[in-house]
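S.K.:
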Amino acid sequence: MTFIEPGLYVRNGFAEGPLADAALSRAARAGQLLDELQGQATTTTGGQLRDAVHRALCRLTQEQQPSARSTAPPR
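Numbering-wise (UniProt numbering), the sequence shown opens with residue 1 and increments by one.
1) What does Glu16 pair with, by DSSP beta-bridge criteria?
2) Helix, strand or coil, according to DSSP, for Thr44 in the structure here?
3) Count the other CB atoms, across all protein chains shown, that sit within 10 Å of the CB of Gln64; report buried if there are 16 or more and exposed otherwise.
4) To the nearest angstrom, report how far apart Leu33 and Ala22 are at their CA atoms.
What follows is the structure, given as structure tokens:
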């Protein structure tokens with residue numbers, strides 16, 4: 001077993017631990033979102049498709065959406 005960091009290690013070539021489980025869950029959900037998009041691709045505009053793909057990939061990487069960021073004015 002190879003220890004990578006707390007919560008993530010490799011055993012027999014497979015990642016294990018809570019961090020690996022969380023990454024797998026995010027990847028599965030992003031895959032579902034992308035599958036849904038593929039079915040809707042013929043009825044959406046290029047901009048809508050781009051935005052939806054961006055949201056799905058942000059879900060995968062857990063990045064905060066630009067619209068969800070604080071819009072408070074700088075001090």
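Glycine included, C-beta positions come from ideal geometry on N, C-alpha and C. Bear in mind the structure is a predicted one, so any value in this text is a computation, not a measurement.
M.R.: Considering the structure as presented:
1) Tyr9
2) coil
3) The predicted position of Gln64 is uncertain, since its pLDDT is 44 and thus under 50; a value taken from the coordinates is nonetheless stated next. It is exposed - the Cβ of Gln64 has fewer than 16 other Cβ atoms within 10 Å.
4) 17 Å
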